[in-house]
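Read in order, the letters of the sequence shown are residues -19 to -1, 1 to 485 in mature numbering (1 follows the signal peptide of the UniProt record, and there is no 0). Backbone N, C-alpha and C define an ideal beta-carbon position, used for all residues, glycine too. Since the model is a prediction, treat every value here as computed from it, not as a measurement.
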Amino acid sequence: MGYPTLLLVLLGALAIADANPVDNSVDTRIAPEDRVMVCYYGTWAVYRPGKGKFDVEDIDVNICTHIVYGFACLRNGEIASYDPWNDLYDNWGKGAYLRFTALKEQNPNLVALLAIGGWNEGSQRYSDMAKTKDGRTKFIASCVTFLQEYGFDGLDLDWEYPSQRGGAPEDKVNYGLLLEEMRPVFDEHGLLMTAATSPGKQVIDPAYDIESMAKNLDIMNLMAYDYHGAWDTFAHVNTPMYQHHLDVEEPDIWFNVDYTVQYYISLGFPASKIALGTASYGRCFTLQKSDDHDIHSPAPQAGAQGPYTREPGMLGYNEICEKMMQQQWTVVRDAETMVPYAFQDRQWCGYDDLDSLTIKINYAIQNNMMGAMIWSIETDDFQGLCHDETFPLIKHIRRTLLEGGTVPTPPTLAPTTTTTRDPSAPTDPPTTPTTTKPPQPTLPPTEVCHREGLNVDPQDCHSFYECHQVGDHWESYHFQCSAGTVFVEDMQMCDFEAAHPDLC
């Protein structure tokens, strides 16, 4: 694509603090062992073919702190089974509810929740239920009975979304009232209250009573994904960590994880109650031209469906990693969004992998968030066909929650003009203020990390590593410069390749 290249400039420590406020008070930091790993289970995976089929017993009970059954539905103002044949034992059914909650027998610390709602449910039934006190009381009572009957530990409210998609403007107030009235009843019966919430500002503002949510929810499962997909007319990653330079208009400027998290926090929702949502799937596109494959390249059609999920425009991570093992795909690690995408011919997919998830989870730790959430367990590489372990994404997230804590510097991007450098950009990176932390012994250099900060990729002048000394080892993250640029280590940025003919 022909677009102005953006410069990558390191931020100083003060600028990072402004962009990513972190609660550093010792007594309020969440201990690593208290961080949650919330795993949703899309129960329709039981109907998938071949290696994509996933049933209750395929869940590893030791990798998640909370497992969430998706979904129950709302009928006649009360909670009900969405798929009775799979959910219940009645009429020779499969009894998945009771089999799901029985998983707690294998791990007594495991928490089993039932989600109600989801995208396909829409909003109108929930709007009708919540608009009167009698309707809310009836619903809450039905939830208590239902959850106790099947052994669930609580309810995940996945109303998508108040005041949207068939809802009413007064839903925002009624949603808050529903939570207020549900809390004492659930407390009486020892039940948890969680909610799945939108990442989009255009939904958050009219939908959510943040004060009520902050007061009454045990966990907010922040769905920090589906920022982009085949509903767009251009290729873009599903879960951008930070804003891309071509995201210049509303709502695109809001569509990144960092903006979403900081917006919720600015509204008064405590980070310590947020489980940062991650995706074990990618959003995929069919490009207009095979040789135009950058972010924002024209993509008029959804990507081809996978063999298991069978949904155009979406591939499970298990499908993506299998494709990459069997076919020749080009993988690009975008330095701005800090998320990879891959393309082959006209097929293009943005997704998360181990490296990008490390960045997201360390960001959650830095911001003292409650932990992480993933949608969903059955599209991870649960058979371990691409990795040396099963459920590699979830296990990696859980390990990072227990051990992590560093996060790469988000890029500050300033557009160039006809010169090789934006005249308004500083000549050198801002100076990092002196800290009072005791100095660490300097580690010997490695092949990719010969100093703290950004290091050119020794194998590719168009990419670079960000390196951080963590204890007795280096942590590194690999990034790709934009098309037509190279990484200039002395400048600590990507710049026009033509201006540096000696680098490649």
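Item to check | Local conformation of E317 per DSSP, three classes | outcome: coil
Next on the checklist: Looking at N155: is its Cβ nearer than 8 Å to the Cβ of K119?
Outcome noted: no
Checklist entry - With distances taken from CA atoms, which of T241, G103, Y131 is nearest S62? => result Y131
Item to check | Span of the alpha helix (DSSP H), counted from its first residue to its last, around I60 | outcome: That residue, I60, is in no alpha helix (DSSP H); its beta strand (DSSP E) goes 59 to 62.
Checklist entry - If you follow the beta strand (DSSP E) that C330 is part of, which residue opens it and which one closes it? => result 328 to 331
Next on the checklist: Quick test of your reading: L158 and R117, contact by CB under 8 Å. State the CB separation rounded to the nearest angstrom.
Outcome noted: 7 Å
Next on the checklist: Let's test the definition: count the other Cβ atoms within 10 Å of the Cβ of Q105 and tell me whether it reaches 16, buried, or not, exposed.
Outcome noted: exposed
Item to check | Nearest to I234 (by Cα), restricted to the options L198, Q183, G210, A280 | outcome: Q183
Item to check | Nearest-angstrom Cα separation, counted from V125 out to T318 | outcome: 42 Å
Next on the checklist: Can you give me the C-alpha to C-alpha distance between F250 and M204, rounded to a whole angstrom?
Outcome noted: 15 Å
Checklist entry - How many angstroms separate the CA atom of H277 from the CA atom of P89? => result 47 Å
Checklist entry - Using CA coordinates, which residue listed in L484, G103, D334 is at the minimum distance from I355? => result D334
Checklist entry - Mapping DSSP to helix, strand and coil, what is T415? => result Confidence at T415 is low in this model, with a pLDDT of 30, below 50, so the placement of that residue should be treated as unreliable; the coordinate-derived value is given next. Of the three classes helix, strand and coil, the one that applies to T415 here is coil, per DSSP.
Item to check | Same chain, Cβ closer than 7 Å to V17, neighbours up to 5 away in sequence not counted | outcome: T46, H47, I200, A256, M351, G352
Checklist entry - What number of angstroms, rounded off, separates the C-alpha of Y262 from the C-alpha of H225? => result 20 Å
Item to check | CA-to-CA distance, Q473 to residue 490, given in whole angstroms | outcome: A query on residue 490 cannot be resolved here, the shown segment of the chain reaching from -19 to 485 and no further.
Item to check | Counterpart residues of M174 in DSSP-defined beta bridges | outcome: L136
Item to check | Opening and closing residue of the beta strand (DSSP E) in which E162 lies | outcome: Run containing E162: none in the beta strand (DSSP E); it sits in the alpha helix (DSSP H), 152 to 169.
Checklist entry - Between T400 and C475, what straight-line distance do the alpha-carbon atoms span, to the nearest angstrom? => result Low confidence applies to T400: its pLDDT is 24, below 50, so where it sits in the model is not reliable enough to give any reading.
Checklist entry - So F264 packs on M295, CB below 8 Å; how close in whole Å? => result The question names Phe, but residue 264 is Arg in the sequence shown. Yes, they are in contact, since the Cβ atoms of R264 and M295 sit about 6 Å apart, within 8 Å.
Checklist entry - Quick one: Cα of G427 to Cα of V166, how far? => result In the sequence under discussion, the amino acid at residue 427 is Thr, which differs from the Gly named in the question. Those two C-alpha atoms are separated by around 58 Å.
Checklist entry - In whole angstroms, what is the alpha-carbon distance linking L173 and D137? => result 8 Å
Item to check | Candidates C485, E300, I375: closest to K34 by CA position | outcome: E300
Item to check | Cα-Cα separation, Q286 to P293 | outcome: 4 Å
Item to check | Of the residues R10, E14, T9, the one placed nearest R379, counting alpha carbons only | outcome: E14
Next on the checklist: Starting from N202, trace the beta strand (DSSP E) in both directions and tell me its first and last residue.
Outcome noted: 200 to 203
Next on the checklist: I need the straight-line Cα distance from Q145 to C20, nearest angstrom please.
Outcome noted: 26 Å
Next on the checklist: For the beta strand (DSSP E) containing Q461, name the first residue and the last one.
Outcome noted: 454 to 461
Item to check | Rounded straight-line distance, which links the Cα of Q461 to that of V312 | outcome: 10 Å
Checklist entry - Thinking C-beta only, is C430 closer than 8 Å to S442? => result Strictly speaking, residue 442 in this sequence is Cys, with Ser absent from that position. Cβ atoms of C442 and C430: not closer than 8 Å.
Checklist entry - Helix, strand or coil: which one does DSSP assign to D275? => result coil
Checklist entry - What residues in its chain sit with their C-beta under 8 Å from that of E38, if we drop five residues either side in the sequence? => result R80
Next on the checklist: Please report the straight-line C-alpha distance between C367 and Y22, rounded to a whole angstrom.
Outcome noted: 21 Å
Checklist entry - Would you say Y458 and L374 are within 8 Å of each other, going by their C-beta atoms? => result no
Checklist entry - Tell me which same chain residues have a C-beta within less than 6 Å of the C-beta of I358, skipping the five on either side of it? => result C20, Y22
Checklist entry - From what residue to what residue does the alpha helix (DSSP H) around T126 run? => result 114 to 131
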